[in-house]
Amino acid sequence: MKGFNQINIQALRLYVAVLDQGSFSEVARREAMSPSTVSRVISQLEQALQTQLLYRNTRAVSPTESGKLLAEHARQVLAQLDLAALDLQEQDSEPGGLIRINAPVVFGQRHLAPWLHELNARYPRLNIELMQTDDFIDPLQDSVDLLIRIGVMTDSTLQARTLGHQNFRLAASPAYLARAGTPKTPDDLVSHSCLVFKGFAGSQRWYFRQPEQEWRSLNLRGSLTSNNAETLTQAGIDAMGLVVFPTWLIGDALRDGRLVSVLEDYQVSTSPEPQTISALYPNSRRPSIKVRAVIDFLVEKFGSPAYWER
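Counting in UniProt numbering, the sequence shown runs without a single skipped number right up to 310 at its last residue.
Shown next, in the form of structure tokens:
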């Protein structure tokens, strides 16, 4: 349609406003224009597109089928232009003000705290409030700008950006394996000391599978259960038994040999569903510049794959 080349942005904005307000006069009042001017702009739009967009009567206007179709696309175009305008305005802006971040306790200690000084140096006008808890947090009720959460993501009321994938390893210390032997299959674990995390939902189950096969769960026991992952990790290092934990938690111990990965022909997890490390923020058209800055910073520092996987 050649007529589209004759359409300007102001005409589209006025058209959408007329649909929203249901009258020329109300739009004219809001835009400090005369009703006849608004009506003329819409008529010119119809002439350019060679189609009727509105049904007009003395009390209100309503869209034709063509008018509804144009409105749907016009709203998308205008929204993208508004975002472009914001991006241009913020291009030279420096993130600043208070940003409230909530993160799991151990992950925050291991993978947020070491980067805070660099985040502060990059954005000195940013005031960071980092609260670390493993409890459920409602970001709206608790006034949190950014949540770092780990596990199966299910909350559709929040926007999410993936920072990394949670990958697990079955591991034990060299001393434990020398004493108790190295398991060859998951079934061998019934005769081993398995150090299992126990939270509010009960003891964690361990899942195993070989590539392209179904997950199989095992409910195992050992000489220690705990609701603290670091306690269980230290117990594993101290040769009390085997542990299943994510690489972001035990990666250092695997690299320096305090722990050894076991059953490497099998995938291991604590859930049959994929788990991610995600940055969550309240559902909106776009996050604030300070939230985007912190998320982009973490994506840069964590890398892909995340540095604890390497």
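Heads up, the beta-carbon is just placed ideally off N, CA and C, and yes, glycines get one too. Owing to the predicted nature of the structure, the values given are computational and were not obtained by experimental measurement.
With fewer than 16 other beta carbons inside 10 angstroms of its own, G97 counts as exposed. DSSP, reduced to helix, strand and coil, places W115 within a helical segment of the structure shown. Straight across, the Cα-Cα distance linking L163 with S193 is about 33 angstroms.
Bridge partners of A74 according to DSSP: none are assigned. Below 8 angstroms, too few C-beta pairs join the region 182-200 and the region 285-294 to call them touching: fewer than three.
Between F168 and P246, the CB-CB gap stays under 7 angstroms. Within the same chain, and ignoring the five residues on either side of L177 in sequence, the residues whose Cβ sits closer than 8 angstroms to its Cβ are V260 and V262.
Taken through DSSP and simplified to helix, strand or coil, G108 comes out as helix. According to the DSSP assignment, Q234 belongs to no beta strand (DSSP E) but to the alpha helix (DSSP H) extending over A229 to I237.
Take the alpha-carbon of R179 and the one of G236: they are about 13 angstroms apart. Annotated three-state conformation of I42 is helix, per DSSP. When C-alpha distances from A253 are compared across L170, P183, Y15 and T182, the shortest belongs to L170. Restricted to the region 6-43, the alpha helix (DSSP H) segments that are unbroken, complete and at least 4 residues in length are 9-21 and 24-31, listed in chain order.
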